[in-house]
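Below is one structure; the comments refer to it alone.
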Amino acid sequence: MPFLTSTGDVHELYLGTEGAELDEANPDNRFRLEWLQSVDSLLEQVAAETVKPLVITATGKFFSNGLDTDYIAANASGLPRYLDRVHELYIKLLTLPVPTVAAINGHAFGAGAMLAQCVDVRLMRADRGFWSLPEAALGMPFTRGMATLLRTRLPDAAATEAMLTSRRYGADDAAAAGILEEALEADRLLDRAREVAAERAPLAGPNLGQIKVGLRRPLIADLETPTPANLL
Numbered sequence: 055m056p057f058l059t060s061t062g063d064v065h066e067l068y069l070g071t072e073g074a075e076l077d078e079a080n081p082d083n084r085f086r087l088e089w090l091q092s093v094d095s096l097l098e099q100v101a102a103e104t105v106k107p108l109v110i111t112a113t114g115k116f117f118s119n120g121l122d123t124d125y126i127a128a129n130a131s132g133l134p135r136y137l138d139r140v141h142e143l144y145i146k147l148l149t150l151p152v153p154t155v156a157a158i159n160g161h162a163f164g165a166g167a168m169l170a171q172c173v174d175v176r177l178m179r180a181d182r183g184f185w186s187l188p189e190a191a192l193g194m195p196f197t198r199g200m201a202t203l204l205r206t207r208l209p210d211a212a213a214t215e216a217m218l219t220s221r222r223y224g225a226d227d228a229a230a231a232g233i234l235e236e237a238l239e240a241d242r243l244l245d246r247a248r249e250v251a252a253e254r255a256p257l258a259g260p261n262l263g264q265i266k267v268g269l270r271r272p273l274i275a276d277l278e279t280p281t282p283a284n285l286l
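Residues in the sequence shown are numbered from 55 upward in steps of one, following our numbering.
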């Protein structure tokens, strides 16, 4: 399960299991219900302190492989509430009252790629992993909130290509497209994320959270719109 630690004055949220390279129960860090609850609780801890910036990274091969497709297949009637729960996590991260940086250590697909777009700054290792929105290739629609998230958090050309073609972007291509800020060697990724977070540490506090809410108010409103039962 995800865990929170600190290095100096920076919180680090890992989307994996402490002490294990891979979580056998959830090796690609999918958005399982218990995983969502764990991440939510850890973000609450970060928000309550409001003095340390946050780096989000993961263990294993994946940053996150997105939605729990097994749960969706077995709980069609529960899909709207499940997606609303994902939206709630996005809102919490988008409005966190501390600077946030993603150190994308591996594949970030679908809802996992969207999670990365909810932070302030994105860095990704250059030698392994793809950022991708596979929904078009999989015959899956984007919710209203997800579409708005991508439309407002990506350059228009990148959002159009990524959403309509399901292209897999390596880190260098993703940086060139404006999807993320920096592509780095693996051994520099986490240290650089800590540097960026620490540089912004003096901005942490309730005022930063209010600014984020104001900046992203239309996006938040769309993420708060309940998912219709006929989405699929």
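Beta carbons are placed, not taken as given, at the ideal position from N, Cα and C, and that holds for glycine. Please read all numbers here as calculations on a predicted model, not as lab measurements.
Cα-Cα separation, residue i to residue j
i              : j              : result
cysteine 172   : tyrosine 125   : 24 Å
alanine 212    : alanine 167    : 13 Å
threonine 154  : aspartate 227  : 22 Å
glutamate 78   : arginine 86    : 13 Å
glutamate 103  : leucine 67     : 14 Å
glycine 259    : histidine 65   : 14 Å
proline 56     : proline 81     : 12 Å
isoleucine 233 : leucine 208    : 6 Å
tyrosine 136   : alanine 165    : 12 Å
arginine 139   : leucine 90     : 8 Å
asparagine 119 : alanine 170    : 12 Å
arginine 307   : serine 131     : Look at the range of the chain in this structure, 55 to 286, and you will see that residue 307 is not part of it.
arginine 271   : threonine 281  : 18 Å
alanine 225    : asparagine 159 : 10 Å
Assigned secondary structure, residue i (DSSP; H/G/I helix, E/B strand, else coil)
i             : result
alanine 283   : coil
glutamate 103 : helix
threonine 59  : strand
threonine 154 : strand
alanine 112   : coil
glutamate 189 : helix
valine 175    : strand
First through last residue of the alpha helix (DSSP H) which encompasses residue i
i           : result
serine 220  : Segment: none, serine 220 is in no alpha helix (DSSP H) and carries neither H nor E.
leucine 69  : Here leucine 69 belongs to no alpha helix (DSSP H), and DSSP marks it neither H nor E.
alanine 128 : 123–128
proline 134 : 133–148
Assigned exposure category for residue i - 16 Cβ within 10 Å defines buried
i              : result
glutamate 189  : buried
serine 186     : buried
alanine 230    : exposed
alanine 128    : exposed
valine 105     : exposed
asparagine 284 : exposed
isoleucine 265 : exposed
Below-8 Å beta-carbon distance, residue i vs any chain D residue
i           : result
alanine 231 : In summary, chain D is missing from the structure at hand, where a single protein chain is found.
Extent of the continuous beta strand (DSSP E) to which residue i belongs
i           : result
alanine 162 : 161–163
Contact test: residue i Cβ vs the ligand MN heavy atom, cutoff 7 Å
i            : result
tyrosine 136 : Looking for the ligand MN in the displayed structure turns up nothing, as the structure carries no ligands at all.
*Pick out the complete beta strand (DSSP E) segments inside the segment 206–278, 3 residues or longer, and give them in chain order.*
236–238
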